[in-house]
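Numbering (our numbering), first residue to last: 3 to 474. Here a beta-carbon is modelled for each residue, glycine too, at the ideal position from N, C-alpha and C. For reference, the structure is listed below as structure tokens.
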């Protein structure tokens, strides 16, 4: 679908995702650890916030060409082991001596390292060191660790890294012994172990049985443990978090990324103080789950695209009087459901595209006195639904793309004195209807693609409104 600058794909997502080192591999970093670099300051956290989680090792392909290094010290252009990502300050990591590998060793190498031809163990160590620093930086932000706590966790994590590297060496040696002995088919157990190595290499060897995981509860205070457990509970549910600057440890933005998240899974979210932005797109959340959000009184952005929201549960949002953006597109929402929307004084952006909201009057909208942006793309809205929109003096952007609006409805829009952007693409508007727009002195853009407006009609409107861009 084509989208104007203010169309259905309006960018209201303001996420800054913190890579937690648990939901996907990260490229190597050649930076010093966050709390060891004399010039790092808050640099460890800066790296963690600039680098989004992305897959690292592609078992089916190999790419070792040096590539540009991004601001976080990692490659911006590929997702395999990178030579430039594992070298130390410009010093190339020497490649291992080339020697033919037997079938077992070759398959092990391919599964674990994706065919990387350099020093795989040095590369693996750098990979996991980066994941360790990301994890520790996150823990520090959550718990405000003391220097002694940081040091102990650093040692524990590096011990886990060392053990995994040793295990990988030993298993490869077993594969080489198998090849030298000509013992026939390679035992499947070796490849199962190789696949587990691959997973631990991408995500970090810091699972529940790791030394790091066992050390953490031993050194944290009761208050720190409670803070950390709240964070881990959200992480297990699929949450990606952006934390406030170091010093208050609050989660500022939360994006739940697991499509299997249900209403019950939202319960931990209710305990997050100071949350500003929550994204539940394409989860299994329904009206019943919204009761868990009623305590989030600092929430400013709530995005629930493609969820099971039908409307009745919206009443639970009545206390969210700081909410500015509400995204309900592609929900199971109709007029009756929208009527449950409470009065939200601060709401400025309402996304209702691809719902069954039709009118007349678009019930529920009248409870939003400060509404500035209204998206109704591909809804069954008709002319009869437009009169009530005239009661929104602050409305700056209105998207009616793909609706049944015609010339008969445009006189109702002529009273929107603050309207700057009007999208009428794929509606029933003709040249005759454009005459009703000439008094919209704030209008800067009107989109008419897919209508019955002729070139002559568009040019006539431009002459009447020289400050307005007419796109057809």
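Beta bridge pairing from DSSP links residue 399 with 375 and 423. Counting only runs of 3 or more residues that sit fully inside the segment 246-300, the beta strand (DSSP E) segments are 253-258 and 279-281, in chain order. Under the DSSP assignment, residue 447 falls in the beta strand (DSSP E) whose first and last residues are 447-449. Taken through DSSP and simplified to helix, strand or coil, residue 131 comes out as helix. Of the residues 183, 132, 157 and 119, the one whose Cα lies closest to the Cα of residue 105 is 183. Taking all protein chains shown into account, residue 339 has 16 or more neighbouring C-beta atoms within 10 Å of its C-beta and is therefore buried.
Residue nearest to residue 156 within the set 199, 208 and 320 is 208 (criterion: CA-CA distance). Annotated three-state conformation of residue 303 is strand, per DSSP. Residue 201 sits exposed, since fewer than 16 C-beta atoms from the chains shown fall within 10 Å of its C-beta. Beta-bridge analysis with DSSP links residue 473 to 449. Annotated as proximal: residue 373 and residue 352, with beta-carbon spacing under 9 angstroms. Contact between the segment 374-382 and the segment 397-405 is present: 3 or more CB-CB pairs across the two stretches fall below 8 angstroms. Cα atoms of residue 131 and residue 293: separation of roughly 41 angstroms, rounded to the nearest angstrom. Here residue 122 carries a helix assignment [DSSP, helix/strand/coil]. For residue 391, the closest alpha carbon among the candidates 416, 406 and 382 is that of 416. Residue 445 places its beta carbon less than 9 angstroms from that of residue 421.
Non-local C-beta neighbours of residue 447 in its own chain, meaning closer than 6 angstroms and more than five positions away in sequence, comprise 423 and 471, ordered along the chain. Straight-line measurement puts the Cα of residue 457 at about 14 angstroms from the Cα of residue 466.
Contact between residue 203 and residue 114 holds, with the beta-carbon distance rounding to 7 angstroms and staying under 8 angstroms.
Separation of the CB atoms of residue 222 and residue 145 is rounded to 6 angstroms, and the pair is thereby assigned contact status at 8 angstroms.
Secondary structure at residue 173: helix, using DSSP grouped into helix, strand and coil. DSSP places residue 213 in the uninterrupted alpha helix (DSSP H) bounded by 213-221. Going by beta carbons, residue 255 and residue 279 fall inside the 9 angstroms limit. Excluding the 5 residues flanking it on each side, residue 418 has same chain C-beta neighbours closer than 6 angstroms at 397, in chain order.
Between the C-alpha atoms of residue 383 and residue 291 there is a straight-line separation of about 28 angstroms. A direct Cα-Cα distance of roughly 40 angstroms separates residue 272 from residue 385. In this structure, DSSP gives residue 323 a state outside helix and strand, which the three-state scheme calls coil. If you ignore the 5 residues before and after residue 344, its C-beta comes within less than 8 angstroms of the C-beta of 316, 317, 319, 320 and 369, all in its own chain and listed in chain order. Looking at the backbone, the Cα of residue 336 and that of residue 367 are separated by about 13 angstroms. When only Cα atoms are considered, residue 229 and residue 347 end up about 32 angstroms apart. C-alpha of residue 189 to C-alpha of residue 282: approximately 44 angstroms in a straight line. In the structure shown, the three-state DSSP call for residue 383 is coil. Less than 9 angstroms separates the beta-carbon of residue 404 from that of residue 428.
If you check the CB distance, residue 259 and residue 287 do not come in under 9 angstroms.
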